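>
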Ligand code: ACO
């Protein structure tokens, strides 16, 4: 059986930095509240007049990942694109990336699993490589949140958290046993689907019963709704469970973790996990302070930065873990 390994990573974030003080100028919020509750100091927002979209940011990250992986774009067998903020409701961003990278007719698919999207995408790619069907797969997580948030005081508990950006990984076939992606673990629990949700743009006329039950109400149909405290409570439990599940599946202990990269949901969630597992600061990577929560992009951006900063070395045990809307959650255990 084959295994897959991450041969190259890349990231792209828009240049435009939006600080907490910048947000305080347009809504009733303040730097102290945001930092205390989330750890976020600033985030990046696309500017209306630049060329950044979810797909184009994904392409920028992908080009770096391809170059680092030394894989030619024409050797990509599959594109997996994770996002909750696609440029079009349909088609997905995967086919846009294929066109922009000028890759002929390889399959492209979008994963719609929000904060867990990159881990779901990685898992899909890993299975295709393990079965021998494909050799090289491009996995992208990218988000343009700023285009779809309510930046009035009404939306402040959601809009201060999220930021824009993209990360990408090139997975390639490896024949070295015990190396690369050791396992992935995925879960979802649809009963909490509406606790962190955004109605589709064409739902108004065909699912009145959903609209009736939808906590977003009819008056604010197209902004995300988040039951923050409920999400927080579930996140800390599921993060812990799925990290342990990954370790146990590989006969590893918490002490074997060289680097834990949690989805950058909220610094308080990461700190809770770090404390629970008694991991030292150098074993947990956080950059939410700079970028906010970039959902599907957060893990590949963090993984890229950790690698660029020399914090991940060959042979290290790297654990990725995410939780988010759905609810969905997952982990990946990697021998780097
Ligand atoms: N600035 C100032 N005040 C605010 C803001 C803001 N941006 N947002 C809300 N408030 C106010 C509220 O109106 C409320 O005021 P009130 O007491 O007068 O009614 C008060 O602050 C407390 O509001 P809560 O929503 O109860 O604040 P909480 O302490 O729960 O913090 C937060 C909100 C940060 C969203 C928190 O619940 C949280 O972190 N939840 C986890 C969810 C998460 O991380 N989501 C990320 C996306 S999901 C994912 O990636 C896993």
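In my numbering, the protein residues as written are 166 to 501. The beta carbon of each residue, even a glycine, is placed where N, CA and C say it ideally should be. These numbers come from a predicted model, not from an experiment.
What residues does the ligand ZN have around it, judged by CB closer than 7 Å to any heavy atom, in chain order?
By its list of ligands, the structure shown excludes the ligand ZN, since it contains just the ligand ACO.
> Taking 8 Å as the threshold, find out whether the region 280-289 comes into contact with the region 456-469 through three or more Cβ pairs.
yes
> Considering only the beta carbon of each residue, do residue 408 and residue 468 sit closer than 8 Å?
no
> If we call anything under 8 Å between Cβ atoms a contact, is residue 227 one with residue 175?
Against a cut-off of 8 Å, the Cβ pair of residue 175 and residue 227 comes out as a contact.
> Does residue 242 pass the burial test, meaning 16 or more other C-beta atoms within 10 Å, or should it be called exposed?
Buried, by the Cβ-count rule.
> Below 8 Å, how does it come out for the region 465-483 and the region 255-274: are there three or more Cβ pairs, yes or no?
no
> Using the C-alpha atoms, what's the distance from residue 281 back to residue 470?
19 Å
> Looking at the strands, I want to know which residues DSSP matches up with residue 262.
Paired residues: none, contrary to the question.
> Could you tell me which uninterrupted alpha helix (DSSP H) segments, each at least 4 residues in length, are contained entirely in the region 318-377, listed from first to last along the chain?
Runs found: 321-324.
> From residue 372 to residue 255, what does the alpha carbon distance come to, in whole angstroms?
Its pLDDT being 45, under 50, residue 372 is placed unreliably by the model, and the measurement read from it follows with that caveat. Going from the Cα of residue 372 to the Cα of residue 255 covers about 19 Å.
> Would you list, in sequence order, the uninterrupted beta strand (DSSP E) runs of no fewer than 3 residues that lie entirely inside the region 265-289?
Listed in chain order, the complete beta strand (DSSP E) runs (minimum 3 residues) inside the region 265-289 are 273-276.
> Considering only the beta carbon of each residue, do residue 415 and residue 336 sit closer than 8 Å?
no
> Take residue 325 as the anchor and find which of 191, 489, 181 and 168 has the nearest alpha-carbon.
191
> Note the first and the last residue of the continuous beta strand (DSSP E) segment covering residue 424.
424-427
> According to DSSP, what are the bridge partners of residue 494?
352 and 488
> What would DSSP say about residue 219, mapped onto helix, strand or coil?
helix
> From this set, 265, 481, 394 and 289, which residue's C-alpha is nearest residue 158's C-alpha?
Past the boundaries of the shown model lies residue 158; the chain is included only from 166 to 501, so the question cannot be answered.
> Report yes if the CB atom of residue 411 is closer than 8 Å to the CB atom of residue 344, and no otherwise.
Not in contact: residue 411 and residue 344 (Cβ atoms no closer than 8 Å).
> Going by CA-CA distance only, name the one from 465, 290 and 490 that's closest to residue 353.
Taking only the C-alpha atoms, the option nearest residue 353 is 490.
> Looking at the unbroken beta strand (DSSP E) that takes in residue 172, where does it start and where does it end?
168-177
> Who does residue 307 pair with in a DSSP beta bridge?
331
> Closer than 6 Å by C-beta to residue 168: which residues in its own chain qualify, once you throw out the five before and the five after it? Chain order, please.
Listed in chain order, the non-local C-beta contacts of residue 168 below 6 Å within the same chain comprise 339 and 345, local neighbours out to five positions each way being set aside.
> I need the straight-line Cα distance from residue 359 to residue 278, nearest angstrom please.
14 Å
> Give me, in chain order, the residues of the same chain whose beta-carbon lies closer than 7 Å to that of residue 451; leave out the 5 immediate sequence neighbours on both sides.
429, 432 and 435
> Between residue 209 and residue 181, which are expected to be in contact by the criterion C-beta below 8 Å, what is the C-beta distance as a whole number of angstroms?
6 Å
> Apart from the five residues just before and just after residue 251, which ones in its own chain have a Cβ nearer than 7 Å to its Cβ?
219, 257, 258 and 275
> Since I believe residue 273 is in contact with residue 172 (beta carbons under 8 Å), could you give me their beta-carbon distance rounded to a whole number of angstroms?
About 19 Å separates the two Cβ atoms, so there is no contact after all.
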